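Heads up: the sequence shown runs through residues -19 to -1, 1 to 80, numbered per mature numbering (1 follows the signal peptide of the UniProt record, and there is no 0).
The beta-carbon is built from N, C-alpha and C at its ideal position, and this holds for glycine as well.
As the structure is a prediction and not an experimental result, all values here were calculated from the model.
To keep things clear, I will list the structure first and then write my remarks on it.
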Amino acid sequence: MTPVLLASACLLIVTLSYASLCAASPFGDCRKCKGFGYALKTDRRGNLRPGKTCRRCRGERKRIRVGRHLYNLWLRLYRDGTDTPNKPAFKTTQKGQSR
């Protein structure tokens, strides 16, 4: 196997595995607070205490993955750009007119 073919196969495997991860679990732990929802601080004795609420995740403990965010942007752009006319389910007639 040539190195170029091997590299492209590895890249394809990594891309497909990340896409499946984003589809199965679109939210991951916050990288700043490591999923705690707040910053950890120590008191005078050295014990860990909860500090301020994390500003990145606002205490929700989760963040949206980059791949899922890009997919959501693409989907929103696609839906906004598609113009499908709405057809009525049945034909309506005005009063006094018969068909």
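Sub-8 Å separation of residue i and residue j beta-carbons
i	j	result
residue 22	residue 32	yes
residue 49	residue -17	no
residue 3	residue 52	yes
Those residues which DSSP pairs with residue i across a bridge
i	result
residue 13	According to DSSP, residue 13 bridges with nothing at all.
residue -7	Answer is none; residue -7 lacks a bridge partner.
Cβ neighbours of residue i in the same chain (closer than 8 Å, five flanking residues each side left out)
i	result
residue 38	11, 13, 14, 18 and 44
As assigned by DSSP and simplified to three states, the class of residue i
i	result
residue -18	coil
residue 32	strand
residue 23	strand
Beta-carbon proximity list for residue i, same chain, < 6 Å, skipping 5 on both sides
i	result
residue 40	18 and 34
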